[in-house]
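The structure appears below as structure tokens.
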Amino acid sequence: MGTNFISDLRPGLCSNTICVRVSRLWEYRGKNHEDQIKHLDRVLIDEKGDSIYAEVPDDILSKFQPILNEGQIISIRRITVDRAKAIYRAVDNPLMIRLNQYTEIAEPKDPALDFPKYTFSLTPISELNQYIGNQGAFLVVIGKITAVSNAATLETSTGTIKLRRIIHLVDHNENMIELSLFGPRAQEFDGDTVYKVGRKSHVIAIFVGTSMKQYKGSPPFLSGTAACRWYVNENDVTEIRDIYKRLPIQAEPVKKLHLKNHEEIQRQIETKSLLELREINPFDHAGLKFECTAIIIQVAQNQYWCYPACTACGSRSIFDGGKYHCSKDGCTGTSIEHRYKVCLIASDTTWQLQFMLFQDRAMQLIGKSAEKLLTTYRKSDTPPEISALVGQKFTFIVRVLPEKKLIAHDPMFEVLNIKKIFGKQFQIPNVKIERKPASSTTSTSEEHNLPPLVPICPKAGENKLQDTHEKEHLSQRAKRSHS
Ligand SMILES: [Zn+2]
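Under the numbering used here, the residue at position 147 of the sequence shown is numbered 148, and the numbers go up by one with no gaps.
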């Protein structure tokens with residue numbers, strides 16, 4: 002029985018002992034942090050400073066959870082070594098460790114005194130944007146904290162409530178990134194102490210286990226969930242000391258940000274009838290949320306109910322030259338999945354408007370993925386699962402959609418949240434939509450009794466055909482304004 006370093010590990014069963022420190026640990030519970038633990042995750046680091054990710058599967062949780070604590074040095078044997086996961090890799094190592102029922106853990110006799118505690122592979126703040134939507138690896142970011150918020154409740158797009166705290170991090174060139182800590186991490190971060198200490202001295206932090214995210218219509222941000230950990234003003238971290246040395250002696254105080262709780266935001270959401278919503282436009286009301294209650298009267302027929310989305314960033318992908326290309330500037334994604342983009346027409350007896358349901362909202366109502374429906378139906382046919390929404394009444398939280406072509410008479414809305422589901426209604430509201438002719442800016446001369454404009458024809462010559470065509474057109478216009 003020999004002793005190995007992390008760099009000696011090869012895929013397969015490993016009976017040798019490795020001596021490691023549990024550098025950091027977290028529990029993986031999937032999307033919802035209140036779900037059962039799916040596996041325990043550890044980052045192990047050896048004497049040489051090499052690191053590897055280790056997973057404790059859920060069937061042996063109770064055996065290992067109490068004995069694998071953060072910071073502890075252990076000797077471990079009888080493990081399986083596997084290829085690292087394809088997504089959300091915690092450390093830069095092509096392999097990972099899995100513990101099993103035969104795994105043995107002991108306290109090493111005399112571990113080295115200078116056994117490394119941490120392992121970082123830093124990504125500069127200025128380069129973070131290229132990792133938006135990239136699920137390959139978790140990011141490690143260092144910066145000076147310039148602002149910190151309270152932990153406030155947030156209602157997610159699927160209607161669950163979770164905590165969020167915002168932290169602003171800047172580098173030596175004043176590049177700033179906003180970090181959002183979610184769920185238990187938002188609570189665990191000691192914002193009060195950071196604010197207090199930060200009033201007089203610098204606060205430098207390393208955040209590990211983060212990823213870059215971007216929601217439609219808002220700036221990109223760094224997201225810290227279950228795998229996220231931080232090291233704040235730790236004197237024994239070389240990278241923190243290096244930044245500290247370069248900062249001026251006088252520290253600018255850390256700012257306090259105020260995040261509103263979701264109840265407070267909810268109270269500010271105005272309830273509007275569809276006729277009132279009609280007055281909303283993307284220039285004056287971008288990002289504002291409104292509440293409305295309406296019955297679905299129709300699935301819009303002039304468009305597909307799904308679109309090929311880039312799996313890296315969610316933008317539309319365009320099929321060209323035998324493969325898909327992401328339409329977003331700078332994104333090189335070529336793999337796609339079909340996502341929902343369901344356009345519904347709803348009415349509330351005052352007016353009727355179009356409402357767009359994107360991926361998660363549509364999934365919530367339809368109960369199946371777009372990919373699944375595509376195995377049975379074509380893009381050009383409305384699946385009965387979607388038609389079944391007609392006649393149902395909902396309370397939606399919506400915002401106006403900044404469409405590229407604002408040619409429609411009425412604004413179109415995106416459903417952000419489904420607040421209430423009333424079910425099938427027996428009576429479908431019948432609104433008589435009477436559109437007035439286009440408004441003031443194009444008012445005609447007859448309204449003001451102005452004399453008709455004198456048509457000025459292009460000079461005779463070069464293009465005969467166009468010339469006569471335009472003359473005809475202009476004289477027709479003149480005739481119209483006479484009548
Ligand atoms: Zn993309």
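Cβ coordinates follow ideal geometry from the N, Cα and C atoms, glycine included.
From a predicted model like this one, the values you see are computed outputs, not experimental measurements.
Bridge partners - residue i, DSSP secondary structure assignment
i: Pro58; result: His40
i: Pro309; result: His339
i: Glu415; result: Met357, Arg400
i: Arg78; result: Glu105
i: Leu223; result: Leu180, Met213
i: Ser388; result: Per DSSP, none; premise fails for Ser388.
i: Gln393; result: Lys425
i: His326; result: Ile319
i: Glu156; result: Ile162
i: Val300; result: Leu345
i: Ala206; result: Gly144, Val233
i: Cys20; result: Ser76
Three-state class that DSSP yields for residue i in the structure shown
i: Gln426; result: coil
i: Asn130; result: helix
i: Arg25; result: strand
i: Gln353; result: strand
i: Ala363; result: helix
i: Asp83; result: strand
i: Ile250; result: coil
i: His263; result: helix
i: Asp9; result: helix
i: Leu100; result: coil
i: Ile270; result: coil
i: Arg481; result: Any reading at Arg481 needs caution, since the residue's pLDDT is 47, under 50, leaving its predicted position unreliable; the model's value is listed next. Three-state DSSP puts Arg481 in a helix.
i: Gly165; result: Here the sequence assigns Arg to residue 165, which means Gly is not the residue at that position. DSSP places Arg165 in strand when its eight states are reduced to three.
i: Thr4; result: strand
i: Thr294; result: strand
i: Arg374; result: It is Leu, not Arg, that sits at residue 374 in the sequence shown. Of the three classes helix, strand and coil, the one that applies to Leu374 here is helix, per DSSP.
i: Lys118; result: coil
i: Glu240; result: helix
i: Arg186; result: helix
i: Ile146; result: strand
Nearest-angstrom Cα separation, counted from residue j out to residue i
i: Gly137; j: Cys314; result: 13 Å
i: His169; j: Leu223; result: 10 Å
i: Phe116; j: Ile98; result: 20 Å
i: Thr272; j: Thr396; result: 10 Å
i: Asn282; j: Ser150; result: 31 Å
i: Lys32; j: Ile46; result: 27 Å
i: His263; j: Glu156; result: 6 Å
i: Thr18; j: Pro249; result: 47 Å
i: Gly323; j: Ser336; result: 12 Å
i: Val198; j: Ala187; result: 19 Å
i: Glu280; j: Tyr378; result: 37 Å
i: Ile106; j: Gly210; result: 25 Å
i: Gln299; j: Thr154; result: 35 Å
i: Gln215; j: Glu108; result: 44 Å
i: Thr351; j: Leu278; result: 10 Å
i: Asn303; j: Lys342; result: 13 Å
i: Asn431; j: Ser348; result: 8 Å
i: Ala85; j: Leu182; result: 25 Å
i: Ser24; j: Lys118; result: 6 Å
i: Pro309; j: Asp361; result: 15 Å
i: Ser8; j: Thr376; result: 45 Å
i: Gln66; j: Trp306; result: 46 Å
i: Leu289; j: Lys261; result: 15 Å
i: Arg79; j: Cys311; result: 41 Å
i: Gly392; j: Leu345; result: 11 Å
9 Å Cβ cutoff, residue i in contact with chain B
i: Pro112; result: Among the chains of the structure shown, chain B does not appear; only one protein chain is present.
Test item: CB-CB of residue i and residue j under 9 Å
i: Arg22; j: Tyr54; result: no
i: Ile75; j: Cys15; result: no
i: Leu41; j: Leu69; result: yes
i: Ile422; j: Lys394; result: yes
i: Gly331; j: Gln131; result: yes
i: Phe6; j: Asp51; result: yes
i: Ala227; j: Gly184; result: yes
i: Val416; j: Leu358; result: yes
i: Gln355; j: Asp411; result: yes
i: Val44; j: Thr147; result: no
i: Ile178; j: Ala206; result: no
i: Glu235; j: Val399; result: no
i: Ala295; j: Leu275; result: yes
i: Pro12; j: Val82; result: yes
i: Asn135; j: Ser219; result: no
i: Leu390; j: Ile297; result: yes
i: His203; j: Tyr245; result: yes
i: Leu180; j: Gly225; result: yes
Meets three-Cβ-pair contact criterion under 8 Å: the stretch 421-429 and the stretch 370-380: no
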